[in-house]
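Engineer:
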Amino acid sequence: MHKTNFKNKPMGTEINNLNCLYCNKFFYEELWCRECDPQRLMQGWTSGNPIIDKCIKDTMYKAALDMYLEWVPFDKFTDIEKIGQGGFSEVYSATWLTVVLKKLNGSRNISDRYITELFLHWNLYKHTGLRFFGLTKDPETNDFMMIMQYAEYGSLKQHLSNNFNNILWKDKVEILFFMSLRLGCVHDLGYFHKDLHSGNVLQYNESGIRLPKASISDFGLCGPANEQNPDNKVYGVLPYVAPEVLNKEPFTTSADVYSFGVIMAELSSGKPPFHNKRHDFNLALAICDGHRPEFGRGTPEFYKKLAYKCMNANPNERPTTQELFDIINIWRYSMSTNRLYYGREFEKFDNIKEVLKADFEKANEEIPNISTSFETDPDAVYTSRELTFDNPLPRPVNSSIITSYINNDKIRGSQMLELSITQQI
1 MHKTNFKNKP MGTEINNLNC LYCNKFFYEE LWCRECDPQR LMQGWTSGNP IIDKCIKDTM
61 YKAALDMYLE WVPFDKFTDI EKIGQGGFSE VYSATWLTVV LKKLNGSRNI SDRYITELFL
121 HWNLYKHTGL RFFGLTKDPE TNDFMMIMQY AEYGSLKQHL SNNFNNILWK DKVEILFFMS
181 LRLGCVHDLG YFHKDLHSGN VLQYNESGIR LPKASISDFG LCGPANEQNP DNKVYGVLPY
241 VAPEVLNKEP FTTSADVYSF GVIMAELSSG KPPFHNKRHD FNLALAICDG HRPEFGRGTP
301 EFYKKLAYKC MNANPNERPT TQELFDIINI WRYSMSTNRL YYGREFEKFD NIKEVLKADF
361 EKANEEIPNI STSFETDPDA VYTSRELTFD NPLPRPVNSS IITSYINNDK IRGSQMLELS
421 ITQQI
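Numbering (full-length UniProt numbering), first residue to last: 1 to 425.
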């Protein structure tokens, strides 16, 4: 690749109002010339597809520093190893930097859908933690591959499977905090995820941070908020799909919130939702009838209430991602010892902080007692696929358990917190 100003910067060089190395004009962004650097990046390469070339070059025109997509020849990668497969893509680890290659199956005959996905990933990954570096092409299949930051801790599903008894409630809340933040960014940009499940929540490390951060990945089923699937088909991992979506109602941000609630239950129990059931019409029927995943032993009641609100059969009564973020941030505050980090505006929650903290600490005592062994039904499927049923599904309703939790004003630490947030945040 051609060198740019920031890639040519000598080690140890101070940055004090530097000018471009090529045209000597003043930098408006640190070590980035708006005129020279994009032009140099565009020289000497092609993906073989003019539409893809234009997509990549458009990101260069609008770039600052290294925030643009690159075309990387496949022979620049070594140690390529398949590490996963979704319903619509394959995932490989590789060395260039340490990256992941996501092969877009069928993209050798690229369609508007894949071009949309390309720019969707670019727009969203700038806001969701993990980097999206660029594109390459598999020389054997001619399928395009997305070059993405490697998440060294793997997916949340893997993390729970390998470490559940070591994951305290402070860690669980931290995961949910970043999930609500990332999902909120997606919704604020006017998009849905449409395929949110624990296999698409990736854990990665950031320098100086003790706990791994959570990022939402695999937007292969995303779409702009004003567009629906033209063929009206339903895709996803059945246990995480909202009941109204199973009924082929239009997808909304509330359907993503339903999936968030299912992940909350999974974080609590350490087990994939409905792992002991066939993922077929009967499960879809049970979901529409109000059946929901189980929670782990000792889970705080206020936690269950929020998760059940997310999994409400009525999408209009589910919380927004902003409301989720606000509540989970207070949970986070309740277990923090760093008052300066949160600022004085959080002091108004001190009256419930100790209540929340005590319940989380009590729940921590139960974690070693939660069994991590379970059997998965051979017909339980945790990769995205088309969900087609021969018979119609009933109108979604809540079970008596969900209704009792949602309407219970006496759950310790819950109603007071929700009221405080409504009135003060």
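Ideal placement from N, C-alpha and C gives every residue a C-beta, glycine not left out.
On the DSSP letters alone, give me the boundaries of the beta strand (DSSP E) that Thr-95 sits inside.
Structural biologist: First-last of the beta strand (DSSP E) with Thr-95: 89-95.
Engineer: Any idea what DSSP makes of Gly-134, helix, strand or coil?
Structural biologist: Strand.
Engineer: Return the bridge partner residues of Arg-385 from the DSSP annotation.
Structural biologist: Arg-385 is bridged to Gly-236.
Engineer: Are the beta-carbon atoms of Trp-122 and Thr-59 separated by less than 8 Å?
Structural biologist: Taking 8 Å as the Cβ cut-off, Trp-122 and Thr-59 qualify as a contacting pair.
Engineer: Among the residues of its own chain, which have a CB less than 7 Å from the CB of Val-413, if the five just before and after it don't count?
Structural biologist: Looking at the sequence itself, residue 413 is Gly, so the reference to Val does not match. Answer for Gly-413: Phe-302, Ile-352, Val-355, Leu-356 and Asp-359, listed in chain order.
Engineer: Is the beta carbon of Leu-124 less than 8 Å from the beta carbon of Leu-196?
Structural biologist: Cβ atoms of Leu-124 and Leu-196: not closer than 8 Å.
Engineer: Are Lys-309 and Pro-319 touching if we call contact CB-CB under 8 Å?
Structural biologist: For Lys-309 and Pro-319, yes; Cβs fall inside 8 Å.
Engineer: Determine, using beta carbons only, whether Asn-276 and Asp-377 come nearer to each other than 8 Å.
Structural biologist: Taking 8 Å as the Cβ cut-off, Asn-276 and Asp-377 qualify as a contacting pair.
Engineer: Only counting runs of 3 or more residues, tell me where the beta strand (DSSP E) segments fall wholly within the segment 313-341, in order along the chain.
Structural biologist: Runs of the beta strand (DSSP E) inside the segment 313-341: none found.
Engineer: Report yes if the CB atom of Cys-36 is closer than 8 Å to the CB atom of Cys-23, and no otherwise.
Structural biologist: For Cys-36 and Cys-23, yes; Cβs fall inside 8 Å.
Engineer: Tell me the residue span of the beta strand (DSSP E) that contains Ser-215.
Structural biologist: That run of the beta strand (DSSP E) goes 213-216.
Engineer: Would you kindly work out how many angstroms separate the C-alpha atoms of Tyr-405 and Glu-386, rounded to a whole number?
Structural biologist: Near 32 Å, if we compare the C-alpha coordinates of Glu-386 and Tyr-405.
Engineer: Considering Cα atoms alone, identify which of Leu-120, Glu-317, Lys-271 and Phe-374 is closest to His-159.
Structural biologist: Of the listed residues, the one whose Cα sits closest to His-159 is Lys-271.
Engineer: Could you tell me how far apart the beta carbons of Leu-168 and Asn-364 are, in whole angstroms, since I believe they sit closer than 8 Å?
Structural biologist: Confirmed, about 5 Å.
Engineer: Could you name the residues that DSSP lists as bridge partners for Met-145?
Structural biologist: DSSP output for Met-145 lists Lys-103 and Thr-136 as bridge partner(s).
Engineer: Please report how far the alpha carbon of Pro-139 lies from the alpha carbon of Phe-74, in whole angstroms.
Structural biologist: Cα-Cα distance, rounded: 7 Å.
Engineer: Asp-350: which of Glu-361, Lys-362 and Met-335 sits nearest, CA to CA?
Structural biologist: Per the Cα distances, Met-335.
Engineer: Identify whether Ile-352 lies in helix, strand or coil by the three-state DSSP scheme.
Structural biologist: If DSSP states are grouped into helix, strand and coil, Ile-352 belongs with the helices.
Engineer: Would you call the CB atoms of Pro-396 and Ala-284 closer than 8 Å?
Structural biologist: The answer is no: Cβ separation not under 8 Å.
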